[in-house]
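Protein sequences appear in the order of chains H and G. Residue numbers for the first sequence follow this note's numbering, so the first one is 63 and each next one is one higher. Residue numbers for the second sequence follow this note's numbering, so the first one is -10 and each next one is one higher. Backbone N, C-alpha and C define an ideal beta-carbon position, used for all residues, glycine too. Read through the structure below, which is laid out as structure tokens, and then see the notes.
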Amino acid sequence: AQSVTQLDSQVPVFEEAPVELRCNYSSSVSVYLFWYVQYPNQGLQLLLKYLSGSTLVESINGFEAEFNKSQTSFHLRKPSVHISDTAEYFCAVSETHFNKFYFGSGTKLNVKP
Amino acid sequence: NAGVMQNPRHLVRRRGQEARLRCSPMKGHSHVYWYRQLPEEGLKFMVYLQKENIIDESGMPKERFSAEFPKEGPSILRIQQVVRGDSAAYFCASSPARDSSYEQYFGPGTRLTVT
Chain H
63 AQSVTQLDSQ
73 VPVFEEAPVE
83 LRCNYSSSVS
93 VYLFWYVQYP
103 NQGLQLLLKY
113 LSGSTLVESI
123 NGFEAEFNKS
133 QTSFHLRKPS
143 VHISDTAEYF
153 CAVSETHFNK
163 FYFGSGTKLN
173 VKP
Chain G
-10 NAGVMQNPRH
0 LVRRRGQEAR
10 LRCSPMKGHS
20 HVYWYRQLPE
30 EGLKFMVYLQ
40 KENIIDESGM
50 PKERFSAEFP
60 KEGPSILRIQ
70 QVVRGDSAAY
80 FCASSPARDS
90 SYEQYFGPGT
100 RLTVT
């Protein structure tokens, strides 16, 4: 079975500082990888995804994530965060040919002024 | 194009009552997924449905929980004889087809509180 590990439950950071949210997964088969963001009392919104091709994927609001197959990681990074980035971020994995998602336990990003 | 809709947004039930959670997928989507999020945890897959078919219910508890996605109308997640441990946020997601972009679009969730 799949498992997704987000080691950091909370990440406090000052505005305009860089941030990295870590995600590791375990799987014996090929996977698709996703990062979702959840604002308070809202549903999940897709931030970015890796299906195939370039291992570096970017979102429209400055986040990027790199798929590292050898380390089974898909860490999320942003070079300069804003207050509005304060939210909870979930890493998710789906085995190719299946649509069942396995989620990590989430990382709460708290951006301070 | 409206997103995935779930209602009610908040639901309070006493122990032993039934809870019915509704999910209307995005227009044109024929696949629905239900997830449960316990406090301080990530989402856990419960069930995957297509119209009139349950495709994968490997995450559903064996008793008291059932799900359906009829030909007409929303998908329903039904919890009978609720217990305090059922208190959680229940999210529905939809997708247009099984082998498309593998992306799932999530609704705002229903927060169930069992008193």
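**OP:** Determine the direct distance from the alpha carbon of Gly(-8) of chain G to that of Glu52 of chain G, and round the result to whole angstroms.
**Re:** Near 31 angstroms, if we compare the C-alpha coordinates of Gly(-8) of chain G and Glu52 of chain G.
**OP:** State yes or no: is the C-beta of Phe80 of chain G within less than 8 angstroms of the C-beta of Phe58 of chain G?
**Re:** At least 8 angstroms separates the beta-carbon of Phe80 of chain G from that of Phe58 of chain G.
Original post:
Helix, strand or coil for Asp70 of chain H per DSSP?
Top reply: DSSP places Asp70 of chain H in coil when its eight states are reduced to three.
Original post:
Beta-carbon separation of Val93 of chain H and Glu157 of chain H under 8 angstroms?
Top reply: Cβ atoms of Val93 of chain H and Glu157 of chain H: closer than 8 angstroms.
**OP:** Quick one: residues in its chain with C-beta nearer than 6 angstroms to the C-beta of Arg2 of chain G, no 5 flanking neighbours on either side, listed in chain order?
**Re:** Contacts found: Ala8, Val71 and Val103.
Original post:
Which value, in whole angstroms, describes the spacing of the CA atoms of Leu101 of chain G and His(-1) of chain G?
Top reply: Our two residues, Leu101 of chain G and His(-1) of chain G, have alpha carbons roughly 6 angstroms apart in a direct line.
Subject >> Reduced DSSP secondary structure (H/G/I, E/B, other) of Ser146 of chain H >> reply: When DSSP states are grouped into helix, strand and coil, Ser146 of chain H belongs to the helix group.
**OP:** Verify whether the separation of the beta carbon atoms of Glu77 of chain H and Arg139 of chain H is less than 8 angstroms.
**Re:** Contact: no.
**OP:** Pull up the CB-CB distance for Phe165 of chain H and Ala149 of chain H, whole angstroms please, since I reckon it's below 8 angstroms.
**Re:** With a Cβ gap of about 15 angstroms, Phe165 of chain H and Ala149 of chain H do not count as contacting.
Original post:
Would Ala82 of chain G pass as a contact of Gln93 of chain G if the rule is Cβ separation under 8 angstroms?
Top reply: Less than 8 angstroms separates the beta-carbon of Ala82 of chain G from that of Gln93 of chain G.
Original post:
In chain G, which residues lie less than 8 angstroms from Tyr94 of chain H when you measure between Cβ atoms?
Top reply: The answer, in chain order, is Tyr91.
Original post:
In this structure, does DSSP put Arg53 of chain G in helix, strand or coil?
Top reply: Here Arg53 of chain G carries a coil assignment [DSSP, helix/strand/coil].
Original post:
Is Arg73 of chain G helix, strand or coil when you go by DSSP?
Top reply: Looking at Arg73 of chain G - three-state DSSP - the assignment turns out to be helix.
**OP:** Using the Cα positions of Gln107 of chain H and Pro50 of chain G, report the straight-line distance between them to the nearest angstrom.
**Re:** Between the alpha carbons of Gln107 of chain H and Pro50 of chain G lies a gap of roughly 26 angstroms.
Original post:
Where does Gln104 of chain H land, buried or exposed, given buried means 16+ other C-beta within 10 angstroms?
Top reply: Label assigned to Gln104 of chain H: exposed.
Original post:
Roughly how many angstroms lie between the CA atoms of Ser135 of chain H and Pro63 of chain G, to the nearest whole one?
Top reply: C-alpha separation (whole angstroms): 37 angstroms.
Original post:
List, in order along the chain, the chain H residues whose C-beta lies closer than 8 angstroms to that of Asp75 of chain G?
Top reply: Asp75 of chain G does not reach chain H, its nearest Cβ partner there being about 19 angstroms away, counting only Cβ pairs nearer than 8 angstroms.
Original post:
So which residues of chain H does Tyr37 of chain G contact, with C-beta pairs closer than 8 angstroms?
Top reply: Those within 8 angstroms of Tyr37 of chain G in chain H are Asn161 and Lys162.
Original post:
How far does the beta strand (DSSP E) with Thr99 of chain G in it reach, from first residue to last?
Top reply: For Thr99 of chain G, the enclosing beta strand (DSSP E) begins and ends at Thr99 to Val103.
Subject >> Pick from H:Asp147, H:Gln72 and H:Gln68 that is closest to Leu32 of chain G, judged by C-alpha positions >> reply: Ranking the options by Cα distance to Leu32 of chain G, first place goes to H:Gln68.
Subject >> Amino acids of chain G, ordered along the chain, whose beta-carbon sits closer than 9 angstroms to that of Leu109 of chain H >> reply: Taking a Cβ-Cβ threshold of 9 angstroms, none of the residues of chain G is close to Leu109 of chain H; the smallest such distance is about 11 angstroms.
Original post:
So what's Ser19 of chain G in DSSP terms, helix, strand or just coil?
Top reply: Three-state DSSP puts Ser19 of chain G in coil, outside helix and strand.
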